[in-house]
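Taking our numbering, the leading residue of the sequence shown gets 420, the next gets one more, and so forth.
For each residue, glycine too, the CB sits at the ideal point set by N, CA and C.
Notes follow once the structure below has been shown.
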Amino acid sequence: MRVRFWGVRGAFASTQADTLRVGGNTPCVEVRDKNDELVILDAGHGLYWLGKQLLTGPLGRGKGRVTLLLSHTHWDHIQGFPFFVPAFLPGNNVVVWGPGGEQLHAVLAGQLDPTYSPLVSMDNFAAKIEVNELAAGQQLTLGKLTVRHAMLENGEHHTVGYRIREGQHSLAYLPEVHHPGGQLSATALELARGCDVLIHETYYSPAQLAAGGVSLGGPSAPPASGHSSFTQAVDLALAAGVKRLLCFYHHPDRPDAEVEALMQAERERIGSKVELEIDTAREGAEFEL
Ligand SMILES: [Zn+2]
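This is the structure:
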């Protein structure tokens, strides 16, 4: 399995110069099996840039197929969808899976409404678009990839976390998750257990979480609903026995240097005897499992 990051930022895209080394686009991750079967995790702003890149392959000739797995439909996870260029080419197939009961199609179509977008309707995509809601316990087989999922607590709502396996290797994707009351989420732990790479959100610094998670712009701003800190992501990775943690869904205010400092603090906290590699997901970075 090959994995490449196209968007790693949380809440909204950041174009500040001091965030660009980690990356400013909202969540989008490209996953391919050994035969090049394409699965995309989330449709944040990074999806536009991935879509452009895909035009060099079958999707640029109207002969491609892509599966898009959504964690949930907050704007930062779907705002790239109307700008996914392969969806405008006849002959392509875009299959979307996500939560939301029977409303998933309506939610995706809703952001094309003329109030928000000149696209007006899903009918204006020339590709075939298929939208499916995930059923509890449903497992997907996409090429050589086996995908399972679970609903994770995320403040007032829920988010889907995914685990993707090819052969002996597994990737867990937990782009937004809350560990209520400081206890690690049992569902998140089960999804991540023993995987090679865990992509886990680190929206908060430990200090921000301790302060109640107050979020954007300063103490007078409204709090963001349940997210995790760097420390919680590391604790989950340790409890799950994963080999490598990639911090993800960074706060839009968080400069690159602060991301590095928060990770370094975690490396020092766990000490050198613990075998866990802690790094950040970075836009443009790729790895193979
Ligand atoms: Zn969200």
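Backbone CA spacing between residue i and residue j [nearest angstrom]
{"i": "S604", "j": "H598", "result": "5 Å"}
{"i": "E679", "j": "T534", "result": "40 Å"}
{"i": "Q627", "j": "K482", "result": "47 Å"}
{"i": "A611", "j": "R663", "result": "11 Å"}
{"i": "L553", "j": "G517", "result": "5 Å"}
{"i": "M570", "j": "I618", "result": "16 Å"}
{"i": "R421", "j": "S490", "result": "20 Å"}
{"i": "L665", "j": "A436", "result": "22 Å"}
{"i": "E449", "j": "L478", "result": "14 Å"}
{"i": "H577", "j": "P594", "result": "12 Å"}
{"i": "V514", "j": "A545", "result": "14 Å"}
{"i": "H588", "j": "N573", "result": "27 Å"}
{"i": "Q651", "j": "S691", "result": "18 Å"}
{"i": "T565", "j": "W425", "result": "22 Å"}
{"i": "T445", "j": "V693", "result": "31 Å"}
{"i": "V596", "j": "L590", "result": "16 Å"}
{"i": "L460", "j": "F507", "result": "20 Å"}
{"i": "V504", "j": "T475", "result": "12 Å"}
{"i": "E456", "j": "N512", "result": "13 Å"}
{"i": "H568", "j": "G556", "result": "7 Å"}
{"i": "E705", "j": "D452", "result": "14 Å"}
{"i": "V458", "j": "V485", "result": "6 Å"}
{"i": "R673", "j": "T438", "result": "7 Å"}
{"i": "H493", "j": "A525", "result": "14 Å"}
Backbone secondary structure at residue i - three-state DSSP
{"i": "F544", "result": "coil"}
{"i": "D437", "result": "helix"}
{"i": "G628", "result": "Rather than Gly, the amino acid found at residue 628 in this sequence is Leu. Correct three-state label for L628: helix."}
{"i": "G529", "result": "helix"}
{"i": "A591", "result": "strand"}
{"i": "H524", "result": "helix"}
{"i": "R688", "result": "helix"}
{"i": "E679", "result": "helix"}
{"i": "T621", "result": "coil"}
{"i": "L466", "result": "helix"}
{"i": "V550", "result": "strand"}
{"i": "F502", "result": "helix"}
{"i": "G483", "result": "coil"}
{"i": "L478", "result": "helix"}
{"i": "L489", "result": "coil"}
{"i": "I507", "result": "For the record, residue 507 in the displayed sequence is Phe; it is not Ile. Note: F507 maps to helix in three-state DSSP."}
{"i": "L473", "result": "helix"}
Counterpart residues of residue i in DSSP-defined beta bridges
{"i": "H496", "result": "According to DSSP, which records beta bridges pairwise, H496 is partnered with nothing at all."}
{"i": "L655", "result": "The partner list for L655 (beta bridge, DSSP) is empty, contrary to what the question assumes."}
{"i": "F649", "result": "Its beta-bridge partners do not exist; DSSP assigns none."}
{"i": "E696", "result": "R663"}
{"i": "E705", "result": "R423"}
{"i": "L457", "result": "R451"}
{"i": "H669", "result": "R428"}
{"i": "N418", "result": "The structure shown does not extend to residue 418, since the chain spans only 420 to 708, so no value can be given for it."}
{"i": "G517", "result": "E552"}
Original post:
For the segment 560 to 616, which segments carrying the alpha helix (DSSP H) assignment without a break, of at least 4 residues, lie completely within its bounds, in sequence order?
Top reply: DSSP runs (the alpha helix (DSSP H)) wholly in the segment 560 to 616: 605 to 611.
Original post:
How do the segment 462 to 480 and the segment 497 to 506 stand: do at least 3 beta-carbon pairs fall below 8 Å, yes or no?
Top reply: Contact between the segment 462 to 480 and the segment 497 to 506 is present, because at least three Cβ pairs lie under 8 Å.
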